Amino acid sequence: MQARTQLEAAIAIRDIKRVLVYSRNDINRKKFSEEMSEKLDMDVIPMDSPKKCVEKAGIIICATNSRSPVIDTDWLKPGVHINTVEPKSMKGHELPIAVAGKSSVITTDSLEQLCAYSTPHFLANTPYEQNIVQLSDIITGKTTGRTSINDITLFCSVGLSGTEVVVANEIMKMAEKYARI
16 MQARTQLEAA IAIRDIKRVL VYSRNDINRK KFSEEMSEKL DMDVIPMDSP KKCVEKAGII
76 ICATNSRSPV IDTDWLKPGV HINTVEPKSM KGHELPIAVA GKSSVITTDS LEQLCAYSTP
136 HFLANTPYEQ NIVQLSDIIT GKTTGRTSIN DITLFCSVGL SGTEVVVANE IMKMAEKYAR
196 I
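Mind the numbering: the sequence shown is residues 16 to 196 in the working numbering, read in order.
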C-alpha cells in the first residue's frame, strides 16, 4: 500500500513521465505496474533488476519490507532524491548506510520521533547521524537544503503522514532553481 500512495503523491506534485518499478516478487512487480499504469494513465514499467530502476532515476522511493539493502550506492546518479518510507532500524534497513555518505542532505520529518524508537534508526551511531536535519528546518530556511543540482538527497521518513510529499516537492523545487543558475 505504501508504494502505491507514495507513487500517487509523487505524481501529484512532480511532472513525472514514466515510472520504473522493481520488486523481488515477479508477480507483485507485474501486478503493481499494471494497476498503477491504469490508475495513473502513464507508463509504469516493471524492471527485472533494481539496478535498472535506480541508475536512471531522478527520484527513488524505497517502500520495501526488506531487512537488507536492495540497492547499491554506486548505482546512484548525481542529483537523485531518495525517500525511504517508515522508520528503518539498525536491525533491518533497505538502504546501505553508505547512501548517507553520498548524500549532501539527509532529512527526516521528526528528529524527536527518529530518536524515540526502541531499536535505533539505521543511521544512529554512524558518522552520518549528526547530518540528519528536520524537514521543517529546510522548508523554513533555518537550515540549508540542496545547493546544487548534483546533490544527492535522502529523506528518512518516520511515518508522519504527508511529509514525504512535502519533502519531495520542496527538494525538487530547489533542484529546479539550481538548474536555472
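The beta-carbon is built from N, C-alpha and C at its ideal position, and this holds for glycine as well. Please read these numbers as outputs of a predicted model, since none were measured by experiment.
Item, Value
"Cβ pair residue 112, residue 95 closer than 8 Å", "no"
"Residue 70 versus residue 194: straight-line alpha-carbon distance, rounded", "20 Å"
"Anticipated Cβ contact below 8 Å, residue 153 with residue 185, distance rounded", "7 Å"
"Beta strand (DSSP E) segments (min. 3 residues) lying fully within the stretch 109-186", "120-123, 147-149, 168-171"
"Residues sharing a beta bridge with residue 107, DSSP", "104"
"Residue 23 burial status per 10 Å Cβ neighbour count (16 or more: buried)", "exposed"
"Inter-residue spacing [alpha-carbon to alpha-carbon] between residue 18 and residue 36", "10 Å"
"Counted within 10 angstroms of its Cβ, other Cβ atoms place residue 93 as buried (16 or more) or exposed", "exposed"
"Nearest residue (CA-CA) to residue 52, options 121, 166, 33", "33"
"Minimum C-alpha distance to residue 148 - residue among 139, 140, 45, 158", "158"
"Stretch-stretch touch, CB-based, cutoff 8 Å, three pairs: the stretch 36-49 with the stretch 60-69", "yes"
"Bridge partners - residue 11, DSSP secondary structure assignment", "Because the chain is modelled from 16 through 196, residue 11 falls outside the range shown and cannot be assessed."
"Residue 170 to residue 89 span [Cα, whole Å]", "18 Å"
"Beta-bridge partners of residue 43, as assigned by DSSP", "The partner list for residue 43 (beta bridge, DSSP) is empty, contrary to what the question assumes."
"Sufficient close CB pairs (3 or more, under 8 Å) joining the stretch 103-117 to the stretch 75-85", "yes"
"Residue closest to residue 119, alpha-carbon to alpha-carbon, out of 100, 54, 165, 21", "165"
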